[in-house]
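K.L.:
Input: one structure, supplied below.
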Amino acid sequence: MTDDSDADVGDAGSDGDGADPEALADRVTDGDLRLYELDDYADAETAATARRLVVERDTGVDLSATGDYAFAAESADSNIENMVGGAQLPVGVAGPVAVRGEAADGEFYLPIATTEGALVASVNRGCSAISAAGGATARVTKRGMTRAPVFRVDGVAEGAEVAEWVEDNEDRLAEAAESTTGHGRLQSVTPYLVGDSVFLRFSYDTGDANGMNMATIATRAAAEVVEDETPASLVALSGNLCTDKKPAAINAVEGRGHTVTADVTIPREVVEERFGTTPEAIEEANTRKNLIGSAKAGSLGFNAQAANVVAGVFIATGQDEAHVVEGSNCITTVEARDDELYASVNLASLQVGTVGGGTDLATQSEMLDVIGFAGGGDPVGSNADALAEVIAAGALAGELSLVSALASRHLSSAHEELGR
Numbered sequence: 001m002t003d004d005s006d007a008d009v010g011d012a013g014s015d016g017d018g019a020d021p022e023a024l025a026d027r028v029t030d031g032d033l034r035l036y037e038l039d040d041y042a043d044a045e046t047a048a049t050a051r052r053l054v055v056e057r058d059t060g061v062d063l064s065a066t067g068d069y070a071f072a073a074e075s076a077d078s079n080i081e082n083m084v085g086g087a088q089l090p091v092g093v094a095g096p097v098a099v100r101g102e103a104a105d106g107e108f109y110l111p112i113a114t115t116e117g118a119l120v121a122s123v124n125r126g127c128s129a130i131s132a133a134g135g136a137t138a139r140v141t142k143r144g145m146t147r148a149p150v151f152r153v154d155g156v157a158e159g160a161e162v163a164e165w166v167e168d169n170e171d172r173l174a175e176a177a178e179s180t181t182g183h184g185r186l187q188s189v190t191p192y193l194v195g196d197s198v199f200l201r202f203s204y205d206t207g208d209a210n211g212m213n214m215a216t217i218a219t220r221a222a223a224e225v226v227e228d229e230t231p232a233s234l235v236a237l238s239g240n241l242c243t244d245k246k247p248a249a250i251n252a253v254e255g256r257g258h259t260v261t262a263d264v265t266i267p268r269e270v271v272e273e274r275f276g277t278t279p280e281a282i283e284e285a286n287t288r289k290n291l292i293g294s295a296k297a298g299s300l301g302f303n304a305q306a307a308n309v310v311a312g313v314f315i316a317t318g319q320d321e322a323h324v325v326e327g328s329n330c331i332t333t334v335e336a337r338d339d340e341l342y343a344s345v346n347l348a349s350l351q352v353g354t355v356g357g358g359t360d361l362a363t364q365s366e367m368l369d370v371i372g373f374a375g376g377g378d379p380v381g382s383n384a385d386a387l388a389e390v391i392a393a394g395a396l397a398g399e400l401s402l403v404s405a406l407a408s409r410h411l412s413s414a415h416e417e418l419g420r
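Residues in the sequence shown are numbered from 1 upward in steps of one, following the UniProt record's numbering.
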């Protein structure tokens with residue numbers, strides 16, 4: 001059965017009170033309704049039940065587990081279409097880990113949703129070592145959600161004129177962009193000229209929101225000004241120079257979302273006690289694996305498993321999980337210093353928010369509350385900054401634990417014991 005999301009709903013429409021999911025499923029099966037039209041004939045819960053019935057009939061699969069979810073169906077209206085239920089993952093907590101950040105200062109649990117055995121235990125070991133050393137220092141050094149539309153021009157000369165106009169009229173573009181939002185602020189517009197294409201990379205401060213939708217809507221308004229005042233013609237609101245949900249060097253260099261760094265200095269005795277190896281062995285493993293190996297592979301991420309922590313926390317706290325692509329832009333450095341080990345992570349493009357998107361769903365909101373930074377911050381943006389700092393500390397914990405396991409040759413035994 002196919003579902004055409006652009007089809008005309010026609011005269012569909014009802015408050016859905018008392019709707020029978022079996023009868024609605026029959027109408028879909030008979031061709032009277034399409035799956036997406038069920039929302040016009042029933043409340044969100046009933047519509048989801050009816051869809052499950054349709055899918056169960058068509059596939060012969062029992063979806064009772066999928067239908068046993070904890071959140072209210074209507075609360076997910078802005079998050080999903082054609083809802084049939086919920087996908088449930090185990091959630092574990094690592095920590096608490098001590099973090100000394102500008103926005104996050106204290107001890108924090110790190111919720112991780114994953115199906116990978118040994119991951120939470122690994123991160124937990126790193127958190128223990130970091131806390132025993134007095135905590136990780138973390139700082140957000142740059143913020144900016146980006147969107148980069150591409151325009152058509154006649155050639156290089158005309159493109160250069162457009163770029164010059166943009167640079168001279170950034171205040172006008174800011175006025176147009178910021179008229180669409182009460183929270184976003186345009187920080188910069190950077191032109192890139194490639195033949196008869198002009199790319200404009202807009203960067204926004206989006207407060208405590210991830211801000212991707214905010215940036216897109218604001219950029220559309222600014223792009224209209226560019227079209228009105230220059231010869232440029234908009235081709236696509238996203239020209240892939242943003243760059244959204246794809247590996248890209250521009251994100252690793254210029255950043256996207258939050259650029260955040262965390263580091264820690266761990267005494268030799270703590271390294272030996274918690275990790276069963278030495279600072280020198282960890283440094284060598286990191287250099288040969290994360291730096292040389294990553295360079296040889298042409299990787300954009302010079303790290304061991306930053307994506308594991310980023311993905312686990314993203315799913316647990318309602319972030320856009322596809323942004324783990326940018327979140328894996330991480331460089332891990334390690335140095336043996338006399339009687340201690342220095343280690344750091346730099347995540348160039350960590351895209352997080354504590355309001356909007358999936359952060360309002362029941363379990364995700366609970367996990368943000370566990371960390372301590374749900375909802376809007378005071379001042380605005382401080383909660384998103386704090387979440388970024390805690391995630392960076394968690395990524396550092398994961399890096400330390402995994403590289404240490406490799407240095408001590410304990411990785412396979414840990415997975416045999418915990419990962420099964």
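From the three backbone atoms N, C-alpha and C, an ideal C-beta is built for every residue, glycine too.
Within this structure, are the beta carbons of A348 and T332 separated by less than 9 Å?
P.N.:
Against a cut-off of 9 Å, the Cβ pair of T332 and A348 comes out as no contact.
K.L.:
Flag this pair as yes or no: are the beta carbons of A209 and A395 separated by less than 9 Å?
P.N.:
No; because the gap between Cβ atoms is not below 9 Å, this pair is not in contact.
K.L.:
For A397 versus G101, is the C-beta spacing smaller than 9 Å?
P.N.:
No. Outside cutoff.
K.L.:
Closest to S75 by C-alpha separation, out of S365, G372, A407, would be which residue?
P.N.:
Closest by alpha carbon: S365.
K.L.:
With a threshold of 7 Å on Cβ separation, who are the neighbours of L241 within its own chain once the five nearest residues in sequence on each side are excluded?
P.N.:
If we look at L241 and ignore the five residues flanking it on each side, its Cβ neighbours are A148, Y192, F199, R201, I250.
K.L.:
From which residue to which residue does the alpha helix (DSSP H) around E272 run?
P.N.:
Segment 268-275, the alpha helix (DSSP H) holding E272.
K.L.:
Grouping DSSP H, G and I as helix and E and B as strand, with all else coil, what is Y109?
P.N.:
DSSP places Y109 in strand when its eight states are reduced to three.
K.L.:
Hey, A113 and A407: beta-carbon distance below 9 Å or not?
P.N.:
Against a cut-off of 9 Å, the Cβ pair of A407 and A113 comes out as no contact.
K.L.:
Thinking C-alpha only, which one of N329, V270, I391 is nearest V352?
P.N.:
For V352, the nearest C-alpha among the options comes from I391.
K.L.:
At what residue ranges does the region 185-211 contain a whole run of the alpha helix (DSSP H), taking only runs of 4 or more?
P.N.:
Entirely contained in the region 185-211, not one alpha helix (DSSP H) run reaches 4 residues.
K.L.:
Heavy atom of the ligand SAM less than 8 Å from the Cβ of A297, yes or no?
P.N.:
No copy of the ligand SAM occurs in the structure displayed, which carries no ligand at all.
K.L.:
When the distance is taken between beta carbons, is Y69 closer than 9 Å to M145?
P.N.:
No.
K.L.:
Let me check one thing: in DSSP terms, what residues is F302 bridge-paired to?
P.N.:
Beta-bridge pairing links F302 to I331.
K.L.:
Closest to M367 by C-alpha separation, out of I217, G92, T278, would be which residue?
P.N.:
M367 has its Cα closest to that of G92, out of I217, G92, T278.
K.L.:
Between the region 355-362 and the region 318-331, can you find at least three pairs of beta-carbon atoms closer than 8 Å?
P.N.:
Because the criterion of three Cβ pairs below 8 Å is met, the region 318-331 and the region 355-362 touch.
K.L.:
Do A103 and V156 count as a contact pair if the criterion is CB distance below 9 Å?
P.N.:
No.
K.L.:
At which residue ranges does the region 32-117 contain complete alpha helix (DSSP H) runs of 4 or more residues, listed in the order of the chain?
P.N.:
Listed in chain order, they are 44-59.
K.L.:
Would you say T181 and I217 are within 9 Å of each other, going by their C-beta atoms?
P.N.:
For T181 and I217, yes; Cβs fall inside 9 Å.
K.L.:
Ignore the nearest five residues each way along the sequence and tell me which others in V226's own chain have a CB closer than 6 Å to its CB.
P.N.:
Here the set comprises A232.
K.L.:
Helix, strand or coil for G356? Go by DSSP, reduced to three states.
P.N.:
If DSSP states are grouped into helix, strand and coil, G356 belongs with coil.
K.L.:
For A133, which residues of its own chain have a beta-carbon under 7 Å away from its beta-carbon, when the five flanking residues on both sides are left out?
P.N.:
Here the set comprises V264, T265, I266, P267, V270.
K.L.:
How far does the alpha helix (DSSP H) with R125 in it extend, from its first residue to its last?
P.N.:
Counting along the chain, the alpha helix (DSSP H) containing R125 begins and ends at 119-132.
K.L.:
So for G144, helix, strand or coil by DSSP?
P.N.:
Reduced to three states, the DSSP call for G144 is strand.
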